[in-house]
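Participant:
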Amino acid sequence: MAKSYQSSTFTGVDMIPLFPQEKKPENAKFLQANVLDGLPFLDDTFDFVYMGLLVTAFTATEWGKVIPEIVRVTKQGGWIEFMESDFQYHNEGPTTARLTESCMYTDTVMSAVQIPTLIILDLSKAIFTIHYPDNSSFNY
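Take a look at the structure:
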């Protein structure tokens, strides 16, 4: 994205140093940090925060820390995007049906170790509740 949007600045964060430092666009930087320890940014830092493919990385308790931290670093009026799978597929063919069965088994196993793979269905509501704690109605 940094190459496509050169007038923007991009900051990547991961727990381990995965990003190549020698071949990165000038408008991109990468930091090693753990969201569970708090992100090393001031409140309201980013216009857009993207987080993806981490639905199985956190327990339900940890998600309770991750979501407020993501909201904290996002500017008022900014955007938060989670790119995750809810492991629900429609109009399945035989191969996808096997995949769905495997995913449901994975959900059962992950739930046994307190990792709620279907929490993705509740993320939008959780973010909304942080901003509007007194409003009990939320529609997708």
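Per the working numbering, residue 891 is the first one in the sequence shown, and the count goes up by one each step. For glycine and all other residues, C-beta sits at the position ideal for the given N, C-alpha and C. It should be emphasised that the depicted structure is a prediction, and the values quoted were computed from it without experimental measurement.
Assuming phenylalanine 972 and glycine 942 make a contact with CB atoms under 8 Å, what is their CB distance in whole Å?
Facilitator: As a position in the sequence shown, residue 972 is number 82, starting the count at 1. As a position in the sequence shown, residue 942 is number 52, starting the count at 1. Yes, they are in contact, since the Cβ atoms of phenylalanine 972 and glycine 942 sit about 7 Å apart, within 8 Å.
Participant: In angstroms with no decimal places, state the Cα-to-Cα distance between tryptophan 969 and valine 961.
Facilitator: Residue 969 sits at position 79 when you count from the first residue of the sequence shown. Residue 961 sits at position 71 when you count from the first residue of the sequence shown. Distance between the alpha carbons of tryptophan 969 and valine 961: 9 Å.
Participant: If I follow the unbroken beta strand (DSSP E) through valine 945, where does it start and stop?
Facilitator: Numbered from 1 along the sequence shown, position 55 holds the residue referred to as residue 945. Taken as a continuous stretch (DSSP letters only), valine 945 belongs to no beta strand (DSSP E), as it is neither H nor E.
Participant: CB-CB under 7 Å to threonine 901, same chain, minus the five flanking residues each way: which ones, in chain order?
Facilitator: Within the sequence shown, residue 901 is the residue found at index 11, counting from 1. Result list for threonine 901: Lys919, Leu921, in chain order.
Participant: Classify glutamate 971 as helix, strand or coil using the three-state DSSP reduction.
Facilitator: Residue mapping note: residue 971 aligns to position 81 of the sequence shown, counting from 1. Three-state result, glutamate 971: strand.
Participant: Residue range of the beta strand (DSSP E) that glycine 902 falls in?
Facilitator: Indexing the sequence shown from 1 puts residue 902 at position 12. Taken as a continuous stretch (DSSP letters only), the beta strand (DSSP E) holding glycine 902 covers 900-904.
Participant: Using only CA atoms, which one of Glu959, Glu991, Thr946 lies nearest to leucine 932?
Facilitator: Translated into the one-based positions of the sequence shown, residue 932 becomes position 42. It is Glu959.
Participant: Tell me, which residues are paired with tyrosine 940 by DSSP?
Facilitator: As a first step, residue 940 must be located in the sequence shown, where it is residue number 50. The partner list for tyrosine 940 (beta bridge, DSSP) reads Glu971.
Participant: Rounding to the nearest angstrom, what Cα-Cα distance links valine 963 and valine 903 in this structure?
Facilitator: Walking along the sequence shown from the start, residue 963 turns up at place 73. Walking along the sequence shown from the start, residue 903 turns up at place 13. Their Cα atoms are separated by approximately 13 Å.
Participant: May I ask you to list the residues that DSSP assigns as paired with alanine 918?
Facilitator: Stepping through the sequence shown from its first residue, residue 918 is reached at position 28. The partner list for alanine 918 (beta bridge, DSSP) reads Phe900.
Participant: Could you please give me the residues that DSSP links to threonine 964 through a beta bridge?
Facilitator: Position 74 of the sequence shown, counting from 1, holds the residue named residue 964. Partner(s): Phe936.
Participant: Could you say which of His980, Ala892, Ala947 lies nearest to lysine 913 if we only look at CA atoms?
Facilitator: What you label residue 913 is simply residue 23 of the sequence shown in a count that begins at 1. The option with the nearest alpha carbon to lysine 913 is Ala892.
Participant: Would you report the Cα separation of threonine 951 and alanine 987, rounded to the nearest angstrom?
Facilitator: Walking along the sequence shown from the start, residue 951 turns up at place 61. Walking along the sequence shown from the start, residue 987 turns up at place 97. One C-alpha to the other measures close to 31 Å.
Participant: Please tell me whether phenylalanine 948 and valine 939 are closer than 8 Å, where the distance is taken between their beta carbons.
Facilitator: Taking the sequence shown and counting its residues from 1, one reaches residue 948 at position 58. Taking the sequence shown and counting its residues from 1, one reaches residue 939 at position 49. Cβ atoms of phenylalanine 948 and valine 939: not closer than 8 Å.
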